[in-house]
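2 protein chains.
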Amino acid sequence: MNTPDQPAPPAARKKRRGRARSFRENQAAQPPQAAAPYITRALPPYDMLDEEGIARIEEHADLILREFGIEIRGDEEALRLFEQAGAERDGARLKFAPGLVGHIVRQSAPAEFTHVARNPARSVRIGGAHTALAPAYGPPFVRDLERGRRYGTLEDFRNLIKLAYLSPHIHYSGGTICEPCDIAVNQRHLDMVYAHMRWSDKPFLGSVTTAERARESIEMCRILFGADALERDCVILGNVNVNSPLVYDGMVTQVMRAYAEAGQGVVISPFILGGAMGPVTPAASIAQAHAEAMVGVALTQLARPGAPVIYGNFFTTMSLRSGAPTFGQPEVMLAYMTVGQLARRAGIPLRCGGALTSAKTGDAQSAQESAQSLLPALLSGANFVLHAAGWLEGGLTMGYEKFIQDADRCGMMVKMFQGLALDENAFALEAYREMEHGQHFLGAAHTLHNYTTAFYESTVADSKSYEQWLEEGEHNDEQRACEIWKRQLREYEPPPLDQAADEALREYVARTKAGREDRWY
Amino acid sequence: MNTPDQPAPPAARKKRRGRARSFRENQAAQPPQAAAPYITRALPPYDMLDEEGIARIEEHADLILREFGIEIRGDEEALRLFEQAGAERDGARLKFAPGLVGHIVRQSAPAEFTHVARNPARSVRIGGAHTALAPAYGPPFVRDLERGRRYGTLEDFRNLIKLAYLSPHIHYSGGTICEPCDIAVNQRHLDMVYAHMRWSDKPFLGSVTTAERARESIEMCRILFGADALERDCVILGNVNVNSPLVYDGMVTQVMRAYAEAGQGVVISPFILGGAMGPVTPAASIAQAHAEAMVGVALTQLARPGAPVIYGNFFTTMSLRSGAPTFGQPEVMLAYMTVGQLARRAGIPLRCGGALTSAKTGDAQSAQESAQSLLPALLSGANFVLHAAGWLEGGLTMGYEKFIQDADRCGMMVKMFQGLALDENAFALEAYREMEHGQHFLGAAHTLHNYTTAFYESTVADSKSYEQWLEEGEHNDEQRACEIWKRQLREYEPPPLDQAADEALREYVARTKAGREDRWY
Chain L
2 MNTPDQPAPP AARKKRRGRA RSFRENQAAQ PPQAAAPYIT RALPPYDMLD
52 EEGIARIEEH ADLILREFGI EIRGDEEALR LFEQAGAERD GARLKFAPGL
102 VGHIVRQSAP AEFTHVARNP ARSVRIGGAH TALAPAYGPP FVRDLERGRR
152 YGTLEDFRNL IKLAYLSPHI HYSGGTICEP CDIAVNQRHL DMVYAHMRWS
202 DKPFLGSVTT AERARESIEM CRILFGADAL ERDCVILGNV NVNSPLVYDG
252 MVTQVMRAYA EAGQGVVISP FILGGAMGPV TPAASIAQAH AEAMVGVALT
302 QLARPGAPVI YGNFFTTMSL RSGAPTFGQP EVMLAYMTVG QLARRAGIPL
352 RCGGALTSAK TGDAQSAQES AQSLLPALLS GANFVLHAAG WLEGGLTMGY
402 EKFIQDADRC GMMVKMFQGL ALDENAFALE AYREMEHGQH FLGAAHTLHN
452 YTTAFYESTV ADSKSYEQWL EEGEHNDEQR ACEIWKRQLR EYEPPPLDQA
502 ADEALREYVA RTKAGREDRW Y
Chain W
2 MNTPDQPAPP AARKKRRGRA RSFRENQAAQ PPQAAAPYIT RALPPYDMLD
52 EEGIARIEEH ADLILREFGI EIRGDEEALR LFEQAGAERD GARLKFAPGL
102 VGHIVRQSAP AEFTHVARNP ARSVRIGGAH TALAPAYGPP FVRDLERGRR
152 YGTLEDFRNL IKLAYLSPHI HYSGGTICEP CDIAVNQRHL DMVYAHMRWS
202 DKPFLGSVTT AERARESIEM CRILFGADAL ERDCVILGNV NVNSPLVYDG
252 MVTQVMRAYA EAGQGVVISP FILGGAMGPV TPAASIAQAH AEAMVGVALT
302 QLARPGAPVI YGNFFTTMSL RSGAPTFGQP EVMLAYMTVG QLARRAGIPL
352 RCGGALTSAK TGDAQSAQES AQSLLPALLS GANFVLHAAG WLEGGLTMGY
402 EKFIQDADRC GMMVKMFQGL ALDENAFALE AYREMEHGQH FLGAAHTLHN
452 YTTAFYESTV ADSKSYEQWL EEGEHNDEQR ACEIWKRQLR EYEPPPLDQA
502 ADEALREYVA RTKAGREDRW Y
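Going down the list, the sequences are from chains L and W. Each step along the first sequence adds one to the number in this note's numbering, with nothing skipped, and position 161 is 162. Each step along the second sequence adds one to the number in this note's numbering, with nothing skipped, and position 162 is 163.
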């Protein structure tokens, strides 16, 4: 009897389980694989629009820049730089002849650069076929299954850095992985940057809340990496949002200039909720975001030609029912693909959003929306994926379980974008010579030779039988993720840090803190 | 202060909520939109492999057909048809000269066909840029949050058909939407086909468990549609699996011939768990599946040239930890894309898997794996997506909540594959003329004109604030889906069915059942 698409009958499954046990025994004897410090995509980006379509978006962005222009409110130096470069200035407003912004960008913005980590084996290549995945950024709240939702603390901040450090699929230590709300606003960036340096050896992001805090983040890098290194290498990124529509706050451009002038990287993302900071039709919001981001990229190049820079995008939709932002929706996927094409045509690295969701817990909505954000980000050819792990509730909350669920999802992306092996081994000719028609390949020499690398093994998913799952307590995905982060924090061991550098950093933090009164806003 | 990627501050959110309420009032006054009976993809398929890569897969499939061949065990007529067409026969084994199978397929297999529904407005176009989504097929168990997991019954079968009927994003009524285990195995297909005809007006699939049951399914269509219609139109599909590796059971080929000889559609899918029914390396299993499926497609054309047929694929991975099948994994996504290219090159419609998962409930794992199945299926250019809604536990269970969650996911695909509007309205020039720099677009005339169609509105997701969500009971995605299916079943009204046809069908079912003793295997 033909039973379409059914798993193998019980007898065969039993046999498979038997085989699986011997797989595990074999596996234990093999050395752990060193994870690559970033993804090098073997798959092509998905070019969704044809030449005519993508050119229309670019033309509309040019039209916005020419007809409406961009305002920079409160940074005379930025306005001066653009005026000098040929922009037409009227008060705070700058208008650009068609092609001018693109010309400035093309003249010096690097197509690729390396973000150097304190452990050189963790340095990340940004641009071209390379993609790096970074944790969520900015949530004031944290959440875990046992303690619920609460304001983040410096302890949470450290815990989350440790989880990011431990994941082979997360390439960054992150930036504001959560807000350490127990530390004063004008002090916490010092603790955050120090925590990244102390508890991880992966690359990280610095403060962008004021130009002074940006400079202090950079100063700490000077202590850790040495002043020469900063002249030579990108060792820190600053991630800023545009004040869309069509405005840059001067505080933002000052921060951008602080990073660029020090030769450090800037990520510039218009944050557009369609219908609010941009028109409700995605094409218009994408064109507007392109205009805004390109102006930001151009500013970094005017501040310091050749400064590392990432063109970012953060477009999302809203719910008609609640007016709240929604994530992982169809229009956002279309926007990702379009932005990917725009960035490739501009010849600069792209940042896209990661595992985004408005869900409050690590439930099905959370996974659904996150999967429909992360996969499109990779397909779009994004080079730097911020918010790839932990993000809940539209970015208000960093979830411990969500972090683990997302890190697993990132692992799937890492594996997928290695592409499909098409070598002789992949075609398994000898296996067909060994086996009979209708006979399963479980015992084939080819299977035994390849099983440990053939398939991604999820750390969180449960693919066991219903009966086994019942027996083991009917845990859902979020509950399994909870077990994992607790175990990981128990087993965490910090990477080595040079003692003199550590002392110098602590001394700098203490001295800088001592010089100012706590401010909580 | 610049707060990267944060939602708008409370004041703006409040304003948005106010606006959202007036949106809803407007919306209520508008007539409901008629859903399209299938997707016509405005986005190109994702061509993942280059010419050299995809040609290597085809060459390897040809090599398998030439060197190892395919066995058809227990269908002399099928063997005879292939021998007559030029295959080399040795007992039950057929070997094929390179290109022979492709030649048979190309000679007569239609690139597109219409599956006619009893309501012509529901007829579905299969092939080319068209995609139809169908419910999960075959689960012996059903599950809902209130009653848990249990064997499916005819009542469940009817309930699920009603849910499929009510979803604007599910284009098929389905086939064995669950096994009605309270009805004898040799009788239940009559009740199933009748239920599709009675409680839905969408296209459906018939029995494939024996050739007799296939013929009885077709006979019921003759009663409903008329004998002439069957000569002219495809009104029913039979969905079969290959007995991989490299074997067709004669029972399967007899079922295929029964459908094809009646001019009805056949879907042929090798069901390959990598490492079991095919090699553990995906490229080999894809090549093998291509060889197997193409032989099946060719058989339908030898049985009746021009018979509607769908080239299917069902490749999945296994867990090293449990030996059980896993879904939505990176290797499967790669396989989808590859198979899409193979089907396009063969010029025939493609079936891919839908919302697949090994999760036991509608949790994050379930959504994660389902999203990473459904989106790749659409990107691959699949024309017929079986298992697009309801599938849990590797196909062993049909979930009521999962069905609702998946139908929502299907809605996102429907919207996404309409593509990105690039007309004058989409670029919203007048909105920029109306608004000031830095001013939100919420009140723009362009926003008011476009908001109801701009963004997909999820039926299950909750994008409300944390506080609202708490107040409303902290429901997770699965709990919300439970409310939806219960309300839908309460509000369901059957589509009209001609009374004479209904009586004739009931009479046929009663007469056929009376003629045989119950068999439970």
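All C-beta atoms in this analysis are idealised placements derived from N, C-alpha and C, irrespective of residue type, glycine included. The structure presented is a predicted model; accordingly, all values stated were derived computationally and were not measured.
Chain B within 8 Å of residue i, Cβ atoms only
i              : result
S381 (chain L) : Note that chain B does not occur in the displayed structure, where the protein chains are L and W.
Supposed close pair residue i, residue j - CB separation, criterion 8 Å
i              : j              : result
P99 (chain L)  : R67 (chain L)  : 6 Å
E402 (chain L) : D145 (chain L) : 6 Å
C411 (chain W) : L134 (chain W) : 5 Å
L533 (chain L) : F69 (chain L)  : Since the first residue shown for chain L is 2 and the last is 522, residue 533 (chain L) is missing from the structure and cannot be characterised.
H589 (chain W) : P38 (chain W)  : Absent from the model: residue 589 (chain W). The displayed extent of chain W is 2 to 522, so no value can be given.
A1 (chain W)   : A62 (chain W)  : For chain W, the structure presents residues 2 to 522; residue 1 (chain W) sits outside this window and is missing.
Near the ligand MG: residue i beta-carbon under 7 Å from a heavy atom
i              : result
A368 (chain W) : This structure lacks the ligand MG; in fact it carries no ligand of any kind.
CB contact flag (residue i, residue j, <8 Å)
i              : j              : result
G324 (chain W) : H116 (chain W) : no
H291 (chain L) : I58 (chain L)  : yes
A167 (chain L) : M198 (chain L) : Note on identity: in this sequence residue 167 (chain L) is Leu, with Ala being the wrong assignment. No.
F428 (chain L) : W486 (chain L) : no
D202 (chain W) : L155 (chain W) : no
V106 (chain W) : I349 (chain W) : yes
R520 (chain L) : V209 (chain L) : no
F97 (chain W)  : A110 (chain W) : no
I556 (chain L) : F316 (chain L) : It is not possible to answer for residue 556 (chain L), since the shown part of chain L is limited to 2 through 522.
N120 (chain W) : P496 (chain W) : yes
D1 (chain W)   : G395 (chain W) : As displayed, chain W neither begins before 2 nor continues past 522, which places residue 1 (chain W) out of reach and without an answer.
P136 (chain W) : A165 (chain W) : yes
V461 (chain L) : Q406 (chain L) : yes
M436 (chain W) : A445 (chain W) : yes
L80 (chain L)  : L95 (chain L)  : yes
L303 (chain L) : L64 (chain L)  : no
A118 (chain W) : S124 (chain W) : yes
E479 (chain W) : G391 (chain W) : no
Q500 (chain L) : A43 (chain L)  : no
G264 (chain W) : G239 (chain W) : no
T132 (chain L) : I40 (chain L)  : yes
I71 (chain W)  : E293 (chain W) : yes
C222 (chain W) : F114 (chain W) : no
Between the segment 326–335 of chain W and the segment 356–363 of chain W, can you find at least three pairs of beta-carbon atoms closer than 8 Å? yes
Taking Cβ-Cβ distances below 8 Å as the criterion, which residues of the segment 434–458 of chain W are in contact with chain L? M436, H438, G439, Q440, H441, F442, L443, A445, H447, T448, N451, Y452, T453, A455, F456, Y457 and E458
Given a limit of 7 Å on CB to CB distance, which residues of the segment 322–333 of chain L reach chain W? R322, S323, G324, A325, P326, T327, Q330, P331 and E332
For the pair the segment 301–309 of chain L and the segment 275–284 of chain L, tell me if three or more CB-CB distances fall below 8 Å. no
Which runs of the alpha helix (DSSP H) spanning at least 4 residues fall entirely within the segment 239–314 of chain L, listed in chain order? 251–262 and 283–304
Three-pair Cβ contact test at 8 Å for the segment 342–353 of chain L versus the segment 380–394 of chain L: yes
Residues of the segment 259–271 of chain L with Cβ closer than 8 Å to any Cβ of chain W, in chain order: S270
Quick one: any contact between the segment 227–234 of chain L and the segment 246–259 of chain L, if contact means 3 or more CB pairs under 8 Å? Counting Cβ pairs under 8 Å, fewer than three are found: no touch.
Between the segment 240–252 of chain W and chain L, which residues of the former have a C-beta closer than 9 Å to a C-beta of the latter? N240, V241, N242, N244, S245, P246, L247, V248, D250 and M252
May I have a chain-ordered list of the alpha helix (DSSP H) segments no shorter than 4 residues that lie completely inside the segment 62–149 of chain W? 77–85 and 101–109
Anything in the segment 34–50 of chain L with a Cβ closer than 9 Å to a Cβ of chain W? List those residues in chain order, please. L44, P45, Y47, D48, M49 and L50
Could you tell me whether the segment 369–377 of chain W touches the segment 449–460 of chain W, where touching means 3 or more Cβ pairs closer than 8 Å? no
The segment 101–113 of chain W: which residues have C-beta closer than 9 Å to a C-beta of chain L, in chain order? For the segment 101–113 of chain W, the beta-carbon criterion of a distance under 9 Å to any beta-carbon of chain L is satisfied by none of its residues.
Interface residues of the segment 408–423 of chain W facing chain L [CB-CB below 9 Å]: D409, R410, G412, M413, M414, V415, K416, M417, F418, Q419, G420, L421, A422 and L423
Which runs of the beta strand (DSSP E), 3 residues or longer, sit entirely within the segment 397–432 of chain W? Whole beta strand (DSSP E) segments, 3+ residues: 398–400.
Looking at chain L, which residues of the segment 61–86 of chain W have a Cβ within less than 9 Å of any of its Cβ atoms? H61, L64, I65, E68, F69, G70, I71, E72 and R74
Quick check on the DSSP output: what are the complete alpha helix (DSSP H) runs of length 4 or more inside the segment 155–190 of chain W, in order along the chain? Within the segment 155–190 of chain W, the complete alpha helix (DSSP H) runs of at least 4 residues are 155–167.
Residues of the segment 458–473 of chain W with Cβ closer than 8 Å to any Cβ of chain L, in chain order: E458, S459, V461, A462, D463, S464, K465, S466, Y467, Q469 and W470
Taking any Cβ of chain W, which residues in the segment 268–297 of chain L have a Cβ under 9 Å from it, in chain order? V268, S270, F272, L274, G275, G276, A277, M278, G279, P280, V281, T282, P283, A284, A285, S286, I287, A288 and Q289
Listed in chain order, which residues of the segment 363–376 of chain L have Cβ atoms closer than 9 Å to some Cβ of chain W? G363, D364, A365, Q366, S367, A368, Q369, E370, S371, A372, Q373 and L376
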